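Trainee:
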């Protein structure tokens, strides 16, 4: 059954393996809803295997340590621009902030650098080592899935979810939970891979980096993401397209390494090593975005309405 619209009919369109981490040898399949065209992994790994498919060396847990200095500098500039655009949608300075799937905590640190006190910054993360480290830094850290988080409702002025919604089992349940956590007038920001992007179409059968098999369970278009947010009671304010340079890199990496068998050449497209190509694909997505074309990732901003007075 479609996680977005509930339609029972779907069509298989892609399959592949865990090309990035090789945590399992299973072949996995993506299907597309015959009604709303939302895409999802079917079947999915059992929840008991999460610690296997998200091993301790998963890149999100040590992003700063794995990328080179120039890539870190570039990413920080992109993050600054992203948050500058996000904060324009807030009607007031946020009193508190929640980042769902905070990983290494780089967005928590960014909000702190903007002047928000640590006691007003919350992060939610399933990796125990990351939550322990961030808790030592005096952030409010919760070690669980968002579906299980016991947080006060009508509290958060800003909630972000960067490249997390695609990892969850039931996106509607998650967004409905986030809706309850938002304060009236609060803003939810979701960034997720764009299944309608150029790279997704070029590598659609098996090698697209955005599949992130078997960790991406839901893949959105602008329309299916908008529907998910609006069905949960949120008002979509805007959407724009973000760079997804790692998806380009992994697409070529998978095609060359596993499709052609050129393992050494494939390493040129490792997002943590292939700086020239990384810069090139970043520039490509930035130019495409400025010209009004869709790129590898969607960023959507939605607001919880305030009660009428």
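Residue numbers (the working numbering): -13 to 295.
All residues carry an ideal CB built from backbone N, CA and C; glycine is no exception.
Predicted model, so just to flag it, every value in this text is computed and none were measured.
Would a C-beta distance cut-off of 8 Å place residue 151 and residue 178 closer than the cut-off?
Mentor: Walking along the chain shown from the start, residue 151 turns up at place 165. Walking along the chain shown from the start, residue 178 turns up at place 192. Going by C-beta atoms, residue 151 is nearer than 8 Å to residue 178.
Trainee: Quick check: the Cα distance between residue 74 and residue 243, rounded to an integer number of angstroms?
Mentor: For the purposes of this step, residue 74 is taken as the residue at position 88 of the chain shown. For the purposes of this step, residue 243 is taken as the residue at position 257 of the chain shown. Cα to Cα, residue 74 sits roughly 42 Å from residue 243.
Trainee: So, using beta-carbon positions, are residue 267 and residue 235 closer together than 8 Å?
Mentor: The sequence position of residue 267 within the chain shown is 281, counting from 1. The sequence position of residue 235 within the chain shown is 249, counting from 1. A contact, by the Cβ cut-off of 8 Å.
Trainee: Mind checking who residue 2 pairs with in its DSSP beta bridge?
Mentor: The sequence position of residue 2 within the chain shown is 16, counting from 1. BP columns for residue 2 point to 14.
Trainee: Look at the Cβ atom of residue 3, then the Cβ atom of residue 201, and state whether they are nearer than 8 Å.
Mentor: Counting from one through the chain shown, the residue named residue 3 turns up at place 17. Counting from one through the chain shown, the residue named residue 201 turns up at place 215. No, Cβ-Cβ distance for residue 3 and residue 201 is not below 8 Å.
Trainee: Hey, how far is the Cα of residue 278 from the Cα of residue 205?
Mentor: The residue labelled residue 278 in the question sits at position 292 within the chain shown. The residue labelled residue 205 in the question sits at position 219 within the chain shown. Those two C-alpha atoms are separated by around 21 Å.
Trainee: At the level of alpha carbons, what is the spacing between residue 112 and residue 78?
Mentor: On the chain shown, position 126 is the one that residue 112 refers to. On the chain shown, position 92 is the one that residue 78 refers to. Rounded to the nearest angstrom, the two C-alpha atoms are 30 Å apart.
Trainee: Can you look up residue 246 in the DSSP assignment and give me helix, strand or coil?
Mentor: Counting from 1 along the chain shown, the entry for residue 246 is found at position 260. DSSP places residue 246 in helix when its eight states are reduced to three.
Trainee: Hey, how far is the Cα of residue 160 from the Cα of residue 154?
Mentor: As a first step, residue 160 is located in the chain shown; it is residue number 174 there, counting from the start. As a first step, residue 154 is located in the chain shown; it is residue number 168 there, counting from the start. Their backbone Cα atoms lie some 8 Å apart in a straight line.
Trainee: Using a Cβ-Cβ cut-off of 8 Å (strictly less than) and excluding sequence neighbours within five positions of residue 21, which residues of its own chain qualify?
Mentor: By 1-based counting over the chain shown, the position of residue 21 is 35. Answer for residue 21: -12, -9, -7 and -5, listed in chain order.
Trainee: For residue 183 versus residue 245, is the C-beta spacing smaller than 8 Å?
Mentor: As a working mapping, residue 183 is identified with position 197 in the chain shown. As a working mapping, residue 245 is identified with position 259 in the chain shown. Contact flag unset, no.
Trainee: Return the first residue and the last residue of the alpha helix (DSSP H) that residue 188 is part of.
Mentor: For the purposes of this step, residue 188 is identified with residue 202 of the chain shown, where counting begins at 1. From DSSP, the alpha helix (DSSP H) with residue 188 extends over 184 to 188.
Trainee: Is the separation between the beta-carbon of residue 225 and that of residue 174 shorter than 8 Å?
Mentor: The sequence position of residue 225 within the chain shown is 239, counting from 1. The sequence position of residue 174 within the chain shown is 188, counting from 1. In this structure, residue 174 does not lie closer than 8 Å to residue 225 by Cβ.
Trainee: Straight-line CA distance for residue 130 to residue 38?
Mentor: Position 144 of the chain shown, counted from the first residue, corresponds to residue 130. Position 52 of the chain shown, counted from the first residue, corresponds to residue 38. If you take the alpha carbons of residue 130 and residue 38, they lie about 16 Å apart.
Trainee: Classify residue 228 as buried or exposed, calling it buried when 16 or more other Cβ atoms lie within 10 Å of its own Cβ.
Mentor: Position 242 of the chain shown, counting from 1, holds the residue named residue 228. Residue 228 comes out buried.
Trainee: Between the alpha carbons of residue 186 and residue 233, how many angstroms are there, rounded?
Mentor: Taking the chain shown and counting its residues from 1, the one referred to as residue 186 is at position 200. Taking the chain shown and counting its residues from 1, the one referred to as residue 233 is at position 247. Straight-line Cα distance between these residues: approximately 9 Å.
Trainee: Do you know whose CA, among -1, -2 and 29, lies nearest residue 203's CA?
Mentor: Residue mapping note: residue 203 aligns to position 217 of the chain shown, counting from 1. Comparing Cα-Cα distances from residue 203 to each of -1, -2 and 29, the minimum goes to 29.
Trainee: Alpha carbon to alpha carbon, how far is residue 199 from residue 25? Give it in angstroms, no decimals.
Mentor: Here residue 25 is taken as the residue at index 39 of the chain shown, counted from 1. Here residue 199 is taken as the residue at index 213 of the chain shown, counted from 1. So the alpha carbons of these two residues sit roughly 13 Å apart.
Trainee: Go ahead and label residue 14 buried or exposed: buried means 16 or more other beta carbons lie within 10 angstroms of its beta carbon, across all protein chains shown.
Mentor: The residue labelled residue 14 in the question sits at position 28 within the chain shown. Buried, by the Cβ-count rule.
Trainee: Compare the beta carbon distance of residue 172 and residue 144 with 8 Å and say whether it is the shorter of the two.
Mentor: Stepping through the chain shown from its first residue, residue 172 is reached at position 186. Stepping through the chain shown from its first residue, residue 144 is reached at position 158. Contact flag set, yes.
Trainee: Quick one: give me the first and last residue of the alpha helix (DSSP H) that residue 239 is part of.
Mentor: Locating residue 239 in the chain shown gives position 253, where the first residue counts as 1. Taken as a continuous stretch (DSSP letters only), the alpha helix (DSSP H) holding residue 239 covers 231 to 240.
Trainee: Under 7 Å Cβ to Cβ from residue 133, same chain only, skipping five residues before and after it: list those, please.
Mentor: Your numbering for residue 133 matches position 147 in the chain shown. Taken in chain order, the residues that qualify are 159, 160 and 163.
Trainee: Whole-angstrom Cβ separation of residue 282 and residue 196, contact assumed at under 8 Å?
Mentor: Residue mapping note: residue 282 aligns to position 296 of the chain shown, counting from 1. Residue mapping note: residue 196 aligns to position 210 of the chain shown, counting from 1. Yes, residue 282 and residue 196 are in contact; Cβ-Cβ is about 7 Å, under 8 Å.
Trainee: Starting from residue 85 and walking both ways along the beta strand (DSSP E), at which residues does that stretch end?
Mentor: As a working mapping, residue 85 is identified with position 99 in the chain shown. Run containing residue 85: 83 to 86, per the beta strand (DSSP E) assignment.
Trainee: CB residue 170 to CB residue 290, shorter than 8 Å?
Mentor: Here residue 170 refers to the residue found at position 184 when the chain shown is read from its first residue. Here residue 290 refers to the residue found at position 304 when the chain shown is read from its first residue. Going by C-beta atoms, residue 170 is nearer than 8 Å to residue 290.
Trainee: My understanding is that residue 97 touches residue 108, with C-beta atoms under 8 Å, so please give their C-beta distance in whole angstroms.
Mentor: Mapped onto the chain shown, residue 97 falls at position 111. Mapped onto the chain shown, residue 108 falls at position 122. That pair is no contact at about 10 Å.
Trainee: In whole angstroms, give me the CA-to-CA distance for residue 114 and residue 7.
Mentor: Against the chain shown, residue 114 aligns to sequence position 128. Against the chain shown, residue 7 aligns to sequence position 21. Residue 114 and residue 7 have their C-alpha atoms some 20 Å from each other.
Trainee: Where residue 23 and residue 92 are concerned, what is the direct C-alpha to C-alpha distance, given to the nearest angstrom?
Mentor: Position 37 of the chain shown, counted from the first residue, corresponds to residue 23. Position 106 of the chain shown, counted from the first residue, corresponds to residue 92. Roughly 33 Å separates the two Cα atoms.
Trainee: Kindly indicate which residue of 71, 125 and 251 has the alpha-carbon position closest to the one of residue 223.
Mentor: The count along the chain shown starts at 1 and reaches residue 223 at position 237. Nearest option by C-alpha distance: 71.
Trainee: From the DSSP output, in three-state form, read off residue 98 for me.
Mentor: One-based indexing of the chain shown puts residue 98 at position 112. Helix at residue 98.
Trainee: Alpha carbon to alpha carbon, how far is residue 104 from residue 86? Give it in angstroms, no decimals.
Mentor: Position 100 of the chain shown holds residue 86. Position 118 of the chain shown holds residue 104. So the alpha carbons of these two residues sit roughly 16 Å apart.
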